[in-house]
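Asker: Those letters in the sequence shown? Residues 1 to 613, by my numbering. Cβ atoms here follow ideal geometry from the backbone N, Cα and C, with glycine treated the same way. All values derive from a computational prediction rather than experimental measurement.
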Amino acid sequence: MSTRTATHATSRQTALALGLALGLGSALPVSADEPMAADDTGKRAPQGEHTLKRAQLVSLIEQGRQELAPDFNGFLTQVAERNSQDTAVRAAIEQYQAGETLEGDAFVNIYRLLGVYNRLQYGDDVQALLKEMVAIPTAKVGEKPQFENPEIARFGELIKARAEAFGLTFRNVDNRVFEVELEGTGDDVFGILTHGDVVPAGEEGWTLGDGTHLDPFAMTEIDGKLYGRGTEDDKASIAAALYAMKSLKENEVPLKRTIRLMIETTEETGGDGFEYYKARNDLPEYNIVLDSGYPAITAENGFGTIDARFPLMPKAGEASSDQAVDALPTITDFQGGLATNQIPERSTATLHAADAAGAKALSHKLETLGSRYVKEHGQDFSVASEVEGEEVSVTVTGKSAHSSAPANGVNPVTRLAGLLATSGIDFHDNAYEDAIHYLNDNYGLDYHGKQLGIAYSHDFMGPLKVTPTFFAREDDVLRVAVNVRAPAGEKSPEELSQTIQDKLSAYASEQGMDMTLNVEIRDWMLRDPSGAWLQTLLNIFGDTTGMEAEPRSSAGSTTAKLLPNAINFGPSMPGETYTGHTSEEFKRVDNLLLDIQMFTEMMARIGNQDSLK
């Protein structure tokens, strides 16, 4: 066994234990609760008659685990010797080693083999880099912009060090975008966009279903899953892409066009970092975004927020809402959510009673009502109550999820609001009391906008999703935010926003609520699923996994909307629950190895295609 083989034996053994590491992985929120309609273009990924397919790739990976050559040329010689009866592959290898121009199936096979070699060679190294990335908490903190966040700067320094060590060109665009380039011989540039910022993870850490407690910023492998904030969204993509570029560089793969990796730092908080970059740089004509799912995402819902704010000031003739004024219990606090694009795991309300006896009675009543509420609404969440003096704390524990896939979670924000609003308890009239009724009356436990009267669906993009995600005090106001994922419809995003604004403003007026409202929905993306470069991506995915390879739509929203000719290619696999933004985010090791393999082939082939149109 060579030095390279010994060094990388662990990743090969791990992958072998996971069952030939070409299976399915964690799923993208691609209209998760409704099956997607088939693409109506009739176009399918091109199928080369003599290109390597899944079964052959599995065999080659197994062979490579036994003994791996120290370089790609040596690996090709191994493949030719071990598979001498495959005349097409052997001929492609002979052409490549003789320095001849590759065309057709030979072109595909050589770069597909490079992807296989790269996953075998650098699987452990990619995991090690991912662990370093996860250890840097790149979530936005307070009101400070991300470009002033020292953790973002530290993340940029890590990217810079690796890029320069790999012989790649690095550029820091004012801590908004970290740019890494692998230079080609022509003038064309092909763009690959992903992001290094993450959503908050919670100060208390994560607790898995079996009781295992995890630090979200210390990547932990359990049963072939790499747990940690950013492993799924999006740091694994960055690590895999950097090693794909390294492989092309060190194996001297000729490129007709430059490959530019752009790592954005504000994707989770609005994308102003990339807007800054766009205003100062020419964008590539064709782009791929590594922030969604396979096989390729050609449509994305519009992203928006219904932002309601209730002033935390006493109403005329009343005392402060933070004080109990008489025998009526008072809601004095409600905590639900860390970010508007993330369904939290739990929500907690604090209630103030007139005295300790009243608090005990209130707690007992809420426990009884809570038990009944759980039974009536699915029994997939819990309600707990605690008493301390005159204070009662009520906590609903559900299941966290990405806000674009509410069916994958159990929303504790709407359930706690619903429990309190329907309890029959006469709460003191204040902003918190208004807010729980606002949520229960207009959204309830539905997340398609049916209660609000705005539900609709698109044949390819799926249904509208309207999900309350954030309920907390911010200075002197109570903020309640509802995440919107809007597919293309009869109304424009502006018209849909105005409809929601009008309905909720009328509701607040009818109820006598003091509520300010801002509704903003950005445009959706619906692109023609055609073109040579898209067909290349579908071919890579279909041949590598053996799965259906058709364009898909996503309820997620990425920076693909901000780029010309941009679609998403990975990293999440169809068919399983997406874990990004959740309190148990993980990246499966076998999927990470697939990313390395497919990203490498993708860069080599698209970097050398005559035309991407």
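With a threshold of 7 angstroms on Cβ separation, who are the neighbours of ASP514 within its own chain once the five nearest residues in sequence on each side are excluded?
Answerer: PHE310 and PRO311
Asker: Per DSSP, what are the beta-bridge partners of GLY206 in this structure?
Answerer: In the sequence on display, residue 206 carries Trp and not Gly. Its beta-bridge partners are LEU214.
Asker: Would you call the stretch 266 to 286 and the stretch 177 to 197 touching, i.e. three or more CB-CB distances under 8 angstroms?
Answerer: yes
Asker: What runs of the beta strand (DSSP E), each 3 residues or longer, lie entirely inside the stretch 241 to 326?
Answerer: List check, beta strand (DSSP E) in window: 258 to 264, 286 to 289, 296 to 300 and 302 to 311.
Asker: For the alpha helix (DSSP H) containing GLN121, name the first residue and the last one.
Answerer: 104 to 134
Asker: When the distance is taken between beta carbons, is ALA106 closer than 8 angstroms to ALA92?
Answerer: A distance below 8 angstroms separates the beta carbons of ALA92 and ALA106.
Asker: For the beta strand (DSSP E) containing PRO551, list its first residue and its last residue.
Answerer: It spans 551 to 554 - the beta strand (DSSP E) in which PRO551 sits, taken as one unbroken run.
Asker: How about TYR294 and PRO574: are their beta carbons less than 8 angstroms apart?
Answerer: yes
Asker: Tell me which residue opens and which closes the beta strand (DSSP E) that ILE521 is part of.
Answerer: 516 to 521
Asker: Quick check: what's the CA-CA separation for ASP333 versus ASN430?
Answerer: ASP333 and ASN430 have their C-alpha atoms some 11 angstroms from each other.
Asker: Following the continuous alpha helix (DSSP H) through ASP595, name the residue where it begins and the one where it ends.
Answerer: 589 to 606
Asker: Would you say the stretch 582 to 590 touches the stretch 542 to 552, given that touching needs at least three Cβ pairs under 8 angstroms?
Answerer: Because the criterion of three Cβ pairs below 8 angstroms is not met, the stretch 582 to 590 and the stretch 542 to 552 do not touch.
Asker: Work out the CA separation of GLY99 and VAL108 for me, nearest whole Å.
Answerer: 16 angstroms
Asker: With 16 other CB atoms within 10 Å as the buried threshold, where does ALA316 fall?
Answerer: Since pLDDT at ALA316 reaches only 39, below the 50 mark, its modelled position is unreliable, and no value is offered.
Asker: Using a Cβ-Cβ cut-off of 8 angstroms (strictly less than) and excluding sequence neighbours within five positions of GLU268, which residues of its own chain qualify?
Answerer: ALA139, LYS140, HIS195, ASP197, VAL198, VAL199, ALA339 and ASN341
Asker: Taking only three categories from DSSP, how would you classify GLN451?
Answerer: coil
Asker: Could you please give the first and the last residue of the uninterrupted beta strand (DSSP E) stretch that includes GLN335?
Answerer: Per DSSP, GLN335 belongs to the beta strand (DSSP E) from 330 to 336.
Asker: Give the DSSP bridge partners of VAL698, in chain order.
Answerer: Residue 698 cannot be examined here, being either before or after the span of the chain that is shown, 1 to 613.
Asker: Excluding sequence positions up to five away, which residues of its chain have a Cβ less than 7 angstroms from the Cβ of PRO216?
Answerer: ALA201, GLY205, TRP206, GLY228 and ARG229
Asker: If you drop the 5 nearest sequence neighbours on each side, which residues of the same chain put their C-beta closer than 6 angstroms to that of LYS587?
Answerer: LEU226, THR231, GLU232 and ALA236
Asker: Mind checking which residues open and close the alpha helix (DSSP H) that includes ASN568?
Answerer: Counting along the chain, ASN568 sits inside no alpha helix (DSSP H); it lies in the beta strand (DSSP E) bounded by residues 566 to 568.
Asker: For GLN66, which of helix, strand or coil comes out of DSSP?
Answerer: helix
Asker: Alpha helix (DSSP H) containing ALA417: first to last residue?
Answerer: 412 to 421
Asker: Going residue by residue through the stretch 144 to 173, where are the continuous alpha helix (DSSP H) segments of at least 4 residues, counting only ones entirely within it?
Answerer: 150 to 165
Asker: Pull up the CB-CB distance for GLN146 and THR265, whole angstroms please, since I reckon it's below 8 angstroms.
Answerer: 5 angstroms
Asker: Go to PHE541, then tell me how far its beta strand (DSSP E) extends in each direction, as first and last residue.
Answerer: No beta strand (DSSP E) contains PHE541, which is instead part of the alpha helix (DSSP H) from 532 to 545.
Asker: I'd like to confirm the pairing. Which residues does DSSP put opposite LEU526 in its beta bridges?
Answerer: ALA299
Asker: Does DSSP put ALA21 in a helix, in a strand, or in coil?
Answerer: Its pLDDT being 33, under 50, ALA21 is placed unreliably by the model, and the measurement read from it follows with that caveat. The answer is coil: DSSP assigns ALA21 none of H, G, I, E or B.
Asker: Buried or exposed: which applies to LYS436, given that a residue is buried once 16 or more other Cβ atoms fall within 10 Å of its Cβ?
Answerer: Per the sequence shown, residue 436 should be read as Ile rather than Lys. A buried status is given to ILE436, since no fewer than 16 other beta-carbon atoms sit within 10 Å of its beta-carbon.
Asker: Please state whether DSSP places PHE427 in a helix, a strand or coil.
Answerer: Coil.
Asker: If you run the structure through DSSP and keep just helix, strand and coil, what is ALA38?
Answerer: Note that ALA38 scores 33 on pLDDT, short of 50, meaning its location in the model is unreliable; the coordinates nonetheless yield the value given after this. Reduced to three states, the DSSP call for ALA38 is coil.
Asker: In chain order, what residues of the same chain have a beta carbon less than 7 angstroms from the beta carbon of GLN97, not counting five sequence neighbours either side?
Answerer: ASN73 and LEU76
Asker: Could you compute how far the alpha carbon of LEU517 sits from the alpha carbon of ILE343?
Answerer: 21 angstroms
Asker: Count the other C-beta atoms from every protein chain shown that fall within 10 angstroms of the C-beta of ALA345, then say buried if there are 16 or more, exposed otherwise.
Answerer: One detail in the question is off: residue 345 reads as Glu in this sequence, not Ala. With 16 or more Cβ atoms within 10 Å of its Cβ, GLU345 is classed as buried.
Asker: Could you please give the first and the last residue of the uninterrupted alpha helix (DSSP H) stretch that includes TYR96?
Answerer: TYR96 -> alpha helix (DSSP H) spans 87 to 97.
Asker: Sort out for me which residues DSSP pairs VAL466 with in a bridge.
Answerer: Note: VAL466 sits in a beta bridge opposite VAL484.
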